[in-house]
Amino acid sequence: MVKETHNGLNHVLKRQSRCRALRAKIYSLSEENQQYTMTTEVPYFTNAENGYVPAKLAQHSTGVQPLRLLRFIINHVIPDAVRFLVQLIPLILSGVVALVLPAKRKSIHNHTALVTGGGNGLGRALCLRLAQEGCHVAVVDIDQAGAQRTVEDVRKLGVKAEAFLADIANYEAVERLRLDVETKLGPVDVLVNNAGLLAVLSLTEGKATDLERIINVNLLSHFWTIRAFMPGMITRQRGHIVGIASIAAYFPVGRFIPYTVTKYAVRALMESLNSELRMDGLQNTVHTTCVYPALIATRQQFMDMLDKLNFLKRFYVFTPEQVAEQIIKGILTKKREVFVPNIMALFSKQFDLKTAPTRWVMMTLRSTIRTFIDGMKQRRRGYILAVSSILGYIPMPRTVSYVATKFAVRGMMQALGSELTLDGYEETIFPTTLFPTFIATRKELVDLLNDFSLDEKITILTPESVADTAVEGMLRGYSSVYAAPFFIRLFVHLSELLPKALSSLLIKTIIGKIPSLMERTKESAY
Numbered sequence: 138m139v140k141e142t143h144n145g146l147n148h149v150l151k152r153q154s155r156c157r158a159l160r161a162k163i164y165s166l167s168e169e170n171q172q173y174t175m176t177t178e179v180p181y182f183t184n185a186e187n188g189y190v191p192a193k194l195a196q197h198s199t200g201v202q203p204l205r206l207l208r209f210i211i212n213h214v215i216p217d218a219v220r221f222l223v224q225l226i227p228l229i230l231s232g233v234v235a236l237v238l239p240a241k242r243k244s245i246h247n248h249t250a251l252v253t254g255g256g257n258g259l260g261r262a263l264c265l266r267l268a269q270e271g272c273h274v275a276v277v278d279i280d281q282a283g284a285q286r287t288v289e290d291v292r293k294l295g296v297k298a299e300a301f302l303a304d305i306a307n308y309e310a311v312e313r314l315r316l317d318v319e320t321k322l323g324p325v326d327v328l329v330n331n332a333g334l335l336a337v338l339s340l341t342e343g344k345a346t347d348l349e350r351i352i353n354v355n356l357l358s359h360f361w362t363i364r365a366f367m368p369g370m371i372t373r374q375r376g377h378i379v380g381i382a383s384i385a386a387y388f389p390v391g392r393f394i395p396y397t398v399t400k401y402a403v404r405a406l407m408e409s410l411n412s413e414l415r416m417d418g419l420q421n422t423v424h425t426t427c428v429y430p431a432l433i434a435t436r437q438q439f440m441d442m443l444d445k446l447n448f449l450k451r452f453y454v455f456t457p458e459q460v461a462e463q464i465i466k467g468i469l470t471k472k473r474e475v476f477v478p479n480i481m482a483l484f485s486k487q488f489d490l491k492t493a494p495t496r497w498v499m500m501t502l503r504s505t506i507r508t509f510i511d512g513m514k515q516r517r518r519g520y521i522l523a524v525s526s527i528l529g530y531i532p533m534p535r536t537v538s539y540v541a542t543k544f545a546v547r548g549m550m551q552a553l554g555s556e557l558t559l560d561g562y563e564e565t566i567f568p569t570t571l572f573p574t575f576i577a578t579r580k581e582l583v584d585l586l587n588d589f590s591l592d593e594k595i596t597i598l599t600p601e602s603v604a605d606t607a608v609e610g611m612l613r614g615y616s617s618v619y620a621a622p623f624f625i626r627l628f629v630h631l632s633e634l635l636p637k638a639l640s641s642l643l644i645k646t647i648i649g650k651i652p653s654l655m656e657r658t659k660e661s662a663y
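Given below as structure tokens:
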């Protein structure tokens, strides 16, 4: 199955596929003339409230052949071991520097913080911990009773606090929330996007409306709150934006695909936002922190679900207070990333899987996979090709929304591959993700690249060459295919080893300064 919105590449992919006489059918989706609707009759297998009921595993399982094992060792084990050792060096050096020269802590006393999902769990712990630092707190939650309880406890610490009922998945509601908070508590200096939904669902489970709700709350709410509150931070030259992702933003998790996708996208959003702030010289004005916690003991239903999955016997579960303490330390020391536990920073590099308002991208990709994957499983034969972008690895300023979706596509395909392996389909259904650089599809895109002089730095690929690379990689069963010049592929691998600040500097050096939409509008007016 091939899914891509660019008609030029779409046409060539179909033509190339016919020439190679693929046995598996390849489907093309065009935004202009086709739409897929998902049935809401799919029964629930799992959810966060009542625990997990395992999907039926495949009856047939292939044995591990010696050649396949050798290929796995050469392609994965040895490179991972080398990468692990190389990454130890900067981590050890940074640890020594932190011991000798501890980071200076900033003060957030008398600042105003807004915490979404502040009525319970981690959100409540963050509200209380922020209050201990002297912050006034806006507690936002759809659980009004929980939010009010948090407010009462926060006020006991000697700061102001108010509860706000708002659907943060709705942009108009977030704008009303901003006005309400500024009236009662003042402008927001610390924004903590914590609210989220966790459902243990595969792509073919649950209702379509559930998938939309997960994307809206876990991802789009971050866009809406940042759009609403960041301009004021820039004007006042003071602000901090915190995004609560998950360690799932680095590790593909089968049975948690919708949740994993949104956390990959949050990670991409925060990295791209940081890159854009640096490009505009605002890195010392508005700080960003992305948080990657492991398992947290929040609601009792969630703990019961983890118990049914036997997670509690295999993994340590952190309390909300423990995680909140690490997050506040990260805010006060202006950390770009916070891992809980800290050791996951090392292992996340080892299994790095970097992945919107353009909700259509993720919803149509999911809907097409939902439509066809059951038939592939029955026939035990199929190819799934999803087109991401090289920006699914490299966060680029001025493309925050686009990068978030491409990170999310990457994360979903990795999680899908993990789930297919779990169910015994790794030798019969092959998911492949294509990562091209810029493709000469639409004239307006080529003109834009010319305006930024990117065509002088990066080769603009033809749809035909990208299609050749994509089909060849798909037929070989590759999980990832790169349609990019050698130096770009090299930079992708280097970016996984280098510190984030150095990677951002290299990106800025390669692409130069890209003017904002406002600046481009002013230039075109003259």
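Quick note on numbering: this note's numbering labels position 131 of the sequence shown as 268, and the sequence is numbered without any gaps.
Ideal Cβ positions, reconstructed from N, Cα and C, are used throughout, including at glycine.
Strictly by DSSP, which residues pair up with P203? As a first step, residue 203 must be located in the sequence shown, where it is residue number 66. According to DSSP, which records beta bridges pairwise, P203 is partnered with nothing at all.
Alpha-carbon to alpha-carbon, Q459 and L571: In the sequence shown, counting from the first residue as 1, residue 571 sits at position 434. In the sequence shown, counting from the first residue as 1, residue 459 sits at position 322. Rounded to whole angstroms, the gap between the alpha carbons of L571 and Q459 is 39 Å.
Just list the alpha helix (DSSP H) runs in the segment 322 to 392, keeping only unbroken ones of 4 residues or longer that don't cross its boundaries, in chain order. Counting only runs of 4 or more, we get 345 to 352 and 358 to 373.
Got a sec, what are the start and stop residues for the alpha helix (DSSP H) D527 sits in? What you label residue 527 is simply residue 390 of the sequence shown in a count that begins at 1. Asp is not the amino acid found at residue 527; the sequence shown has Ile there. For I527, there is no enclosing alpha helix (DSSP H), as DSSP gives it neither H nor E.
Should R261 and T287 be called a contact, given that it needs their Cβ atoms to be closer than 9 Å? Indexing the sequence shown from 1 puts residue 261 at position 124. Indexing the sequence shown from 1 puts residue 287 at position 150. In terms of Cβ geometry, R261 and T287 form a close pair [threshold 9 Å].
In this structure, how does DSSP classify Y453 when only helix, strand and coil are distinguished? What you label residue 453 is simply residue 316 of the sequence shown in a count that begins at 1. Looking at Y453 - three-state DSSP - the assignment turns out to be coil, as it is neither helix nor strand.
Which value, in whole angstroms, describes the spacing of the CA atoms of E312 and H273? Counting from 1 along the sequence shown, the entry for residue 312 is found at position 175. Counting from 1 along the sequence shown, the entry for residue 273 is found at position 136. Approximately 20 Å between the Cα atoms of the pair.
Looking at I465 and L410, is the spacing between their C-beta atoms short of 9 Å? Within the sequence shown, the letter at position 273 stands for residue 410. Within the sequence shown, the letter at position 328 stands for residue 465. No, these two residues do not count as a Cβ contact at 9 Å.
Please report the straight-line C-alpha distance between V557 and A382, rounded to a whole angstrom. Translated into the one-based positions of the sequence shown, residue 557 becomes position 420. Translated into the one-based positions of the sequence shown, residue 382 becomes position 245. In the sequence under discussion, the amino acid at residue 557 is Leu, which differs from the Val named in the question. Those two C-alpha atoms are separated by around 24 Å.
Note down the Cα distance separating S525 from V318, rounded to an integer number of angstroms. If you number the sequence shown from 1, residue 525 lands on position 388. If you number the sequence shown from 1, residue 318 lands on position 181. S525 and V318 have their C-alpha atoms some 38 Å from each other.
Taking G333 as the reference, which of I210, A545, Y308 and N353 has the closest Cα? On the sequence shown, position 196 is the one that residue 333 refers to. The shortest C-alpha separation from G333 is found at N353.
Quickly, what does DSSP pair S244 with across the bridge? List them, please. In the sequence shown, counting from the first residue as 1, residue 244 sits at position 107. Note: S244 sits in no beta bridge, so no partner.
Does any C-beta atom of chain C lie closer than 9 Å to the C-beta of K471? In the displayed structure, chain C is absent; only one protein chain is listed.
For P457 and A431, what's the separation of their Cα atoms in angstroms? Start at 1 with the first residue of the sequence shown, and residue 457 comes out as number 320. Start at 1 with the first residue of the sequence shown, and residue 431 comes out as number 294. Taking the straight line from one Cα to the other gives about 11 Å.
Closer than 8 Å is the cut-off here; do at least three beta carbon pairs connect the segment 294 to 306 with the segment 269 to 285? Enough Cβ pairs lie closer than 8 Å, so yes.
Classification of P239 by the beta-carbon crowding that lies within 10 angstroms, buried from 16 upward: Here residue 239 refers to the residue found at position 102 of the sequence shown. So P239 ends up on the exposed side.
Alpha carbon to alpha carbon, how far is Y453 from L294? Taking the first residue of the sequence shown as position 1, residue 453 is located at position 316. Taking the first residue of the sequence shown as position 1, residue 294 is located at position 157. Their Cα atoms are separated by approximately 31 Å.
Taking all protein chains shown into account, do 16 or more other C-beta atoms lie within 10 angstroms of the C-beta of G614, making it buried, or fewer, making it exposed? Here residue 614 corresponds to residue number 477 of the sequence shown, with the count starting at 1. By the 10 Å Cβ count, G614 comes out exposed.
Using the rule of at least 16 other Cβ atoms within 10 Å of the residue's Cβ for burial, across every protein chain shown, is V327 buried or exposed? Residue 327 sits at position 190 when you count from the first residue of the sequence shown. Burial call: buried.
Quick check on R516: buried or exposed, where buried means 16 or more other Cβ atoms within 10 Å of its Cβ? Locating residue 516 in the sequence shown gives position 379, counting from the first residue. Residue burial annotation: R516 is exposed, with fewer than 16 other C-beta atoms found within 10 angstroms of its C-beta.
Can you find the residues in the same chain that come closer than 8 Å, C-beta to C-beta, to S358, ignoring five residues on each side of it along the sequence? For this step, residue 358 is matched to residue 221 along the sequence shown. If the five residues before and after S358 are omitted, its C-beta is found closer than 8 Å to the C-beta atoms of T253, I305, A306, V311, N330 and A332, all from its own chain and listed in chain order.
Rounded to whole angstroms, what's the CA-CA distance from K243 to A365? Just pull it up for me. Start at 1 with the first residue of the sequence shown, and residue 243 comes out as number 106. Start at 1 with the first residue of the sequence shown, and residue 365 comes out as number 228. The alpha-carbon separation between K243 and A365 amounts to approximately 24 Å.
Cα-Cα, which of I371, A250, R208 and C427 is closest to G323? To locate residue 323, count along the sequence shown from 1; it is residue 186. Of the listed residues, the one whose Cα sits closest to G323 is A250.
Taking 9 Å as the cut-off, decide whether the C-beta atoms of T422 and G380 are in contact. If you number the sequence shown from 1, residue 422 lands on position 285. If you number the sequence shown from 1, residue 380 lands on position 243. Taking 9 Å as the Cβ cut-off, T422 and G380 do not qualify as a contacting pair.
Report the partner residues of C427 according to the DSSP bridge assignment. Reading the sequence shown from its first residue, position 290 is the one you call residue 427. Bridge pairing for C427: G380 and E474 [DSSP].
Coarse secondary structure for G258, derived from DSSP in three states: Walking along the sequence shown from the start, residue 258 turns up at place 121. Helix, per DSSP.
Closest to G271 by C-alpha separation, out of L612, C264, H246 and R292, would be which residue? By 1-based counting over the sequence shown, the position of residue 271 is 134. Residue H246 is the option with its Cα nearest to G271.
Report the rounded CA-to-CA distance for V291 versus E309, giving the unit in angstroms. Counted from its first residue, the sequence shown places residue 291 at position 154. Counted from its first residue, the sequence shown places residue 309 at position 172. Straight-line Cα distance between these residues: approximately 28 Å.
Indicate the three-state DSSP secondary structure (helix, strand or coil) for V277 in the structure shown. The residue labelled residue 277 in the question sits at position 140 within the sequence shown. DSSP places V277 in strand when its eight states are reduced to three.
Mark A545 as exposed unless 16 or more other C-beta atoms lie within 10 angstroms of its C-beta, in which case mark it buried. Start at 1 with the first residue of the sequence shown, and residue 545 comes out as number 408. Around the C-beta of A545, 16 or more other C-beta atoms lie within 10 Å, and the residue is accordingly described as buried.
Which of the three DSSP states is assigned to S231 in this structure? Indexing the sequence shown from 1 puts residue 231 at position 94. Collapsing the DSSP output to three states places S231 in a helix.
Only counting the same chain, and skipping five residues up and downstream in sequence, which positions put a Cβ closer than 7 Å to that of K471? Working through the sequence shown from its first residue, we reach residue 471 at position 334. If we look at K471 and ignore the five residues flanking it on each side, its Cβ neighbours are K243 and H424.
Under a three-way DSSP split, which group does F301 fall into? Walking along the sequence shown from the start, residue 301 turns up at place 164. In this structure, F301 counts as strand in the three-state DSSP scheme.
Same chain, Cβ closer than 6 Å to V398, five either side skipped, listed in chain order: Walking along the sequence shown from the start, residue 398 turns up at place 261. Sequence-distant Cβ neighbours of V398 in its own chain, meaning closer than 6 Å and more than five residues away, are A545, G548 and M549.
Taking all protein chains shown into account, do 16 or more other C-beta atoms lie within 10 angstroms of the C-beta of R315, making it buried, or fewer, making it exposed? If you number the sequence shown from 1, residue 315 lands on position 178. Under this definition R315 is a buried residue.
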